[in-house]
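This report concerns only the one structure given below.
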Amino acid sequence: MKSDLIRPEIAALPTYNAGLALDRFRARYGIDCLAKLDSNENPAGPCPGVVAAIRDEAAGIARYPDAGNGALREDLAAATGSTADRLIIGNGSEDLIGAVFRTVLRPGDHVVTICPSFGLHEFGALASGAHVTKVPFNADWSFPVEGMIAAMASEAPRVLMFSSPSNPAGPAISAEEFDALLTATRRDTLVVFDEAYLEYLDPAARFDAMARLEAGPNPWLILRTFSKAYGLAGIRVGYGIACDPELAAQMMKARNPFGVNSLAVAAARAALRDTDYLAHSVKLAADGRVQLARKLSDAGFACAPSQTNFVFFDTGRTATDFAEALRHKGVLIKPWLEEPYTRWARVTIGTEEENRHFLEAVEAIRCPA
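Residue numbers (this note's numbering): 11 to 379.
And the structure:
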């Protein structure tokens, strides 16, 4: 292959740190997986209505799906209080991260985010030729609002993008911190607020981010997903709520027009209707994260405070080595590869049995017989 064929921005990108699929795990390690806790999947799975909706939709798969995903956008408009023309559906919210960067970024633009962060918040910007300032969390894992404000003051960003609750760390920004950040953001900066883990937030920590964004002068985009609390990670559907219909319409040009298939739309619509099942899934995760964080802390591991379906913890050594040792015990977690957090790993809240296998495996690799 010609040495100059690949764009240098792409060649310089790291490979995405994805979880390991179960069939690949069995092929590589020759054992069954006892606890797959590396991808923040919902161990309860989807609600029963999702499976029925997919089955009903399957007979029509010879037809292209609605490129505009109109039915799902109408459902989401009713659920979110937005309007359908401000909603955009994607093949997971990752699809929309790429679409918004392709829509607004020019080579040399500045993007501000936090660290550690969801990798595509950085990689998508770099792929577009932008440069990225990553602001580390404060030592107590509070949001680095002052650092983010300073980063924006030194060079005005075209995009401010971050998640709350944070992936991979788990903390959530407070309403007061969010207001302070918006007040300090230049009015021409696009604010992209990633709420992939919104459903897991404790009620006391919740606030209406959309109302606050609407009250301000900035263009904005909120990102959400059906992959986590709704249990649809394998079918890939997420959505964005835009500040106005024009942003959503322009982003549509930057994504695959048939990127969300008809089975995914049917599944998302069914999941959205079953609010009781959603509450059940969220409670399982909330109860589990409290118990798992406490047991890790009791065992001497430092943990970041979590408002999600996972716990981020200091393994005490290189996290890739720690995770590899767990794999040989049949347990999958995600070691973090982003400096300076390469001793930290993220473990998803699984079933009680999966959580037990994880803790037993941790004890076994710390105290080998």
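Where a beta carbon is used, it is the ideal one built from N, C-alpha and C, also for glycine. These figures come from a predicted structure and were not determined experimentally.
Next on the checklist: Across the region 320 to 338 and the region 15 to 29, are there enough close Cβ pairs to call them in contact, namely three or more that are closer than 8 Å?
Outcome noted: no
Checklist entry - Can you give the Cα-Cα distance for LYS263 and LEU257, rounded to whole angstroms? => result 10 Å
Checklist entry - How many angstroms separate the CA atom of THR143 from the CA atom of MET220? => result 25 Å
Item to check | Integer-rounded CB distance, given that ALA333 should sit under 8 Å from ALA355 | outcome: 6 Å
Checklist entry - Considering only C-alpha positions, which residue in the set PRO53, GLY139, ALA81 and THR328 is nearest to THR93? => result ALA81
Checklist entry - Is the beta carbon of VAL275 less than 8 Å from the beta carbon of LEU47? => result no
Item to check | GLY310 - containing beta strand (DSSP E), residue span | outcome: Unbroken run through GLY310: none, as it is neither H nor E.
Next on the checklist: My output table needs one value for ARG304: the three-state DSSP class, helix, strand or coil.
Outcome noted: helix
Item to check | Beta-carbon proximity list for SER272, same chain, < 7 Å, skipping 5 on both sides | outcome: GLU67, GLY70, ILE71 and PRO75
Item to check | Presumed contact (8 Å Cβ cut-off) between LEU384 and PRO56, rounded CB distance | outcome: For the chain, the structure presents residues 11 to 379; residue 384 sits outside this window and is missing.
Checklist entry - Looking at C-beta atoms only, is the number of pairs between the region 34 to 54 and the region 341 to 350 that lie closer than 8 Å three or more? => result yes
Checklist entry - How would you label PHE268, buried or exposed, when you count the other beta carbons within 10 angstroms and need 16 or more for buried? => result exposed
Next on the checklist: Considering only their Cβ atoms, is the gap separating LEU233 from ASP204 smaller than 8 Å?
Outcome noted: yes
Next on the checklist: Here's a check: name, in chain order, each residue in its chain whose Cβ is nearer than 7 Å to the Cβ of GLY78, leaving out the five neighbours to either side.
Outcome noted: none
Item to check | Beta-bridge pairing of ALA252 - partner residues as DSSP gives them | outcome: LEU231
Checklist entry - What first and last residue would you give for the alpha helix (DSSP H) that runs through ILE64? => result 58 to 67
Checklist entry - What residue range is occupied by the uninterrupted alpha helix (DSSP H) comprising SER164? => result 155 to 164
Checklist entry - For the alpha helix (DSSP H) that ALA278 lies in, which residues bound it at each end? => result 272 to 283
Checklist entry - Counting pairs of Cβ atoms below 8 Å between the region 151 to 171 and the region 117 to 124, do you hit three or more? => result yes
Next on the checklist: Let's see if you can read the secondary structure: which residues bound the alpha helix (DSSP H) around HIS338?
Outcome noted: From DSSP, HIS338 is part of no alpha helix (DSSP H); its letter is neither H nor E.
Checklist entry - Hey, LEU381 and GLU209: beta-carbon distance below 8 Å or not? => result With the chain covering only 11 through 379, there is no way to say anything about residue 381.
Checklist entry - What do you get for LEU15, buried or exposed, if any count of 16 or more other CB atoms within 10 angstroms of its CB means buried? => result exposed
Checklist entry - Which residue from PHE236, VAL202 and ARG246 puts its Cα closest to that of ALA252? => result VAL202
Next on the checklist: Whole angstroms are fine: how far does the CA of VAL247 sit from the CA of ALA21?
Outcome noted: 28 Å
Item to check | Test item: CB-CB of GLY180 and THR318 under 8 Å | outcome: yes
Item to check | Distance cut-off 7 Å: GLU224 Cβ against heavy atoms of the ligand ZN | outcome: Ligands in the displayed structure: none, and consequently the ligand ZN is not present.
Item to check | Continuous beta strand (DSSP E) stretch holding ILE98: start and end | outcome: 97 to 100
Item to check | Supposed close pair GLU364, PRO53 - CB separation, criterion 8 Å | outcome: 6 Å
Checklist entry - Rounded C-beta distance between LEU86 and TYR249? I'm assuming under 8 Å. => result 6 Å
Checklist entry - Given LEU347, which residues of its chain have a CB within under 6 Å of its CB, disregarding the five upstream and five downstream residues? => result ASN27
Next on the checklist: Just verifying my parser: in three-state terms, what is the DSSP assignment at PHE203?
Outcome noted: strand
Checklist entry - What are the residues that DSSP puts in a beta bridge with SER173? => result ASP204
Checklist entry - Nearest-angstrom Cα distance between VAL169 and CYS377? => result 47 Å
Item to check | Span of the alpha helix (DSSP H), counted from its first residue to its last, around ARG38 | outcome: 32 to 39
Item to check | Integer-rounded CB distance, given that ILE159 should sit under 8 Å from LEU130 | outcome: Wrong, their Cβ atoms sit about 24 Å apart, outside the cutoff.
Checklist entry - Beta carbon of PRO175, beta carbon of TYR207: below 8 Å? => result yes
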